[in-house]
Amino acid sequence: MRFEKKDILDIESLEPWEISMILDTAQGMKEISERPVKKVPTLRGKTIVLFFQEPSTRTKLSFDAAAKRLSADTHSISAGTSSIVKGETLIDTAKNLEAMKPDVIVLRHPSSGAPHLIAKRVKASVINAGDGIHAHPSQALLDMMSVREKKGKIAGLKISIIGDISHSRVARSDITGFSKMGATVSICAPGTMIPKGIEKLGCTVSPNMEACIEGSDVVMMLRIQKERQGSILFPTEREYSTLFGLNRDRLKLAQKDVLVMHPGPMNRGVEISSDVADSDCSIILEQVTNGVALRMALFYLVAGGSRHVDSH
Ligand code: CP
Numbered sequence: 005m006r007f008e009k010k011d012i013l014d015i016e017s018l019e020p021w022e023i024s025m026i027l028d029t030a031q032g033m034k035e036i037s038e039r040p041v042k043k044v045p046t047l048r049g050k051t052i053v054l055f056f057q058e059p060s061t062r063t064k065l066s067f068d069a070a071a072k073r074l075s076a077d078t079h080s081i082s083a084g085t086s087s088i089v090k091g092e093t094l095i096d097t098a099k100n101l102e103a104m105k106p107d108v109i110v111l112r113h114p115s116s117g118a119p120h121l122i123a124k125r126v127k128a129s130v131i132n133a134g135d136g137i138h139a140h141p142s143q144a145l146l147d148m149m150s151v152r153e154k155k156g157k158i159a160g161l162k163i164s165i166i167g168d169i170s171h172s173r174v175a176r177s178d179i180t181g182f183s184k185m186g187a188t189v190s191i192c193a194p195g196t197m198i199p200k201g202i203e204k205l206g207c208t209v210s211p212n213m214e215a216c217i218e219g220s221d222v223v224m225m226l227r228i229q230k231e232r233q234g235s236i237l238f239p240t241e242r243e244y245s246t247l248f249g250l251n252r253d254r255l256k257l258a259q260k261d262v263l264v265m266h267p268g269p270m271n272r273g274v275e276i277s278s279d280v281a282d283s284d285c286s287i288i289l290e291q292v293t294n295g296v297a298l299r300m301a302l303f304y305l306v307a308g309g310s311r312h313v314d315s316h
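Residue numbers (the numbering used here): 5 to 316.
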């Protein structure tokens, strides 16, 4: 089967076979980053615009590295340094970018649905790099890649996701993706951080952290997104950490070969203790490494026109 999607906007719109194809392609891309010369000519002549209207370290740099490793040209604009500060709308900005003939626009935006809005209006492929609290598909795909690489499968695993679910686009995309690929997903958070109806995405809500972690193959921790919270959703960070922080004692409830994950940025000592974050169970930095390969795969599949990895 051929990958025919123009845009990568969310996990909901990807079929399981498309997710598998993306993960297979990313796995094939991974060795390019191990070469002395980390570059292949696959996307030579293609233009990729990185349009980030929110701060980012991992996502922006890895999309940039991914494009350059495939020999595409990249251009970067942000809210603070573009004419958005002069009042230009998102759609007008997108149409002006389109007029310069990019092949792919990667968009991170504080409003849920912004990438979907521009995808309908531009010929370029649009990749959602995180929109509001809605979706972060490339993060979920690199998370699935990382789990599949370590465990050899996703189906049948118990995945626990713990933290500020309400404000997390990563949680929504991961719940959808892992459950679509046959895992059992359990979530846990203070009641104020669990959105109504979240179970519809394909998860169960655990009554407490111990019940959530019990028997888990993967424990994924999320930070508290203070920048998206309109009001204080828990009394103190110390109290949050006592009830919902991951430490060595709690991790003993999981499977012996548990993987600890975090999309970053971490708040050490709040949702995760440093000794767990830096332990042998942790694959947090391997997630970042896989992020480059995964984003190379996305560029290749939407802009390369073939699903075979060019290894020239
Ligand atoms: N995981 C993630 O989206 O990190 P950044 O905000 O640094 O891109």
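Built from N, CA and C at the ideal position, the CB exists for glycine as well.
Chain-order list of residues whose beta-carbon lies under 6 Å from that of residue i (same chain, five-residue window excluded)
i, result
"G181", "I15, A144, M148"
"P119", "L13, L111, V130, N132, D135"
"S286", "V264"
"S164", "S190, C216, I217, S220, V223"
"A297", "A30, M33, K34"
"R173", "G134, I137, H138, A139, H140"
"L245", "In the sequence as displayed, the identity of residue 245 is Ser instead of Leu. Cβ within range, chain order: V274."
"A301", "I26, T29, A30, M33"
"C207", "I179, V189, I191"
Boundaries of the beta strand (DSSP E) in which residue i is found, first to last residue
i, result
"R252", "Premise fails: R252 lies in the alpha helix (DSSP H), 252–255, not in any beta strand (DSSP E)."
"R173", "Run containing R173: none in the beta strand (DSSP E); it sits in the alpha helix (DSSP H), 173–184."
"T29", "T29 -> not in any beta strand (DSSP E); alpha helix (DSSP H) instead, spanning 20–33."
"T51", "51–56"
"H140", "It is not in any beta strand (DSSP E) - H140 carries neither H nor E in the DSSP assignment."
"R112", "108–113"
"K162", "162–166"
"M197", "Premise fails: M197 is in no beta strand (DSSP E) and is neither H nor E."
"T85", "Unbroken run through T85: none, as it is neither H nor E."
"S263", "One detail in the question is off: residue 263 reads as Leu in this sequence, not Ser. From DSSP, the beta strand (DSSP E) with L263 extends over 263–265."
"V222", "222–225"
Spatial neighbours of residue i in its chain, beta-carbon cut-off 7 Å, leaving aside the 5 residues before and after
i, result
"F67", "L54, V110, A133, R299"
"G308", "T46, L47"
"E241", "V274"
"H316", "Because H316 sits at a pLDDT of 38, beneath the cut-off of 50, its placement in the model cannot be relied upon, and the point is left open."
"L305", "F7, I26, T29, R311"
"A290", "Just to set this straight, residue 290 is Glu in the shown sequence, not Ala. Here the set comprises S150."
"K155", "L161, D221"
CA nearest to the CA of residue i, picked from the options
i, options, result
"T29", "F7, R48, E19", "F7"
"I228", "L74, V274, A123", "V274"
"I179", "Q259, L74, H140", "H140"
"D284", "S60, K10, L255, N271", "L255"
"M225", "A193, E19, P211, A71", "A193"
"A175", "I23, I202, L161", "I202"
"R272", "F248, P106, A258", "F248"
"G49", "K157, Y244, G295, P106", "P106"
"G295", "W21, D261, L146, A103", "L146"
"M104", "T51, S60, I36, C207", "T51"
"F303", "E92, S17, S142", "S142"
Pairwise C-alpha distance: residue j and residue i
i, j, result
"D77", "V108", "10 Å"
"A159", "R62", "27 Å"
"D279", "L250", "10 Å"
"G84", "K64", "15 Å"
"I276", "F238", "17 Å"
"A128", "L74", "18 Å"
"T97", "I88", "8 Å"
"V151", "K90", "44 Å"
"V313", "E153", "Confidence at V313 is low in this model, with a pLDDT of 42, below 50, so the placement of that residue is unreliable and no value is reported for it."
"P211", "K184", "23 Å"
"S177", "L205", "9 Å"
"L94", "A123", "12 Å"
"A70", "H79", "13 Å"
"L121", "D253", "46 Å"
"A187", "A258", "16 Å"
"S82", "D11", "21 Å"
"K157", "S24", "11 Å"
"S86", "E243", "41 Å"
"E22", "V292", "22 Å"
"V262", "V209", "20 Å"
C-beta neighbour in chain D for residue i, strict 8 Å
i, result
"P239", "Protein chain content of the structure displayed is limited to a single chain, and chain D is not contained in it."
Same chain, Cβ closer than 8 Å to residue i, neighbours up to 5 away in sequence not counted
i, result
"A281", "V264, H266, M270, R272, I288"
"E214", "R254, L257"
"V126", "A98, K99, L101, E102, I109"
"K72", "K43, T78"
"M5", "W21, M25"
Range covered by the alpha helix (DSSP H) that runs through residue i
i, result
"L289", "288–307"
"T246", "241–248"
"L121", "118–123"
"M213", "213–217"
"V209", "Premise fails: V209 lies in the beta strand (DSSP E), 207–209, not in any alpha helix (DSSP H)."
"V280", "278–281"
"A103", "94–103"
Cβ contact check for the segment 266–273 and the segment 29–40: 3 or more pairs under 8 Å: These segments do not touch.
Cβ contact check for the segment 109–126 and the segment 55–64: 3 or more pairs under 8 Å: When Cβ pairs closer than 8 Å are counted between the two stretches, the segment 109–126 is seen to touch the segment 55–64, the count reaching three or more.
Contact between the segment 166–175 and the segment 197–209 (3+ Cβ pairs under 8 Å): Counting Cβ pairs under 8 Å, three or more are found: they touch.
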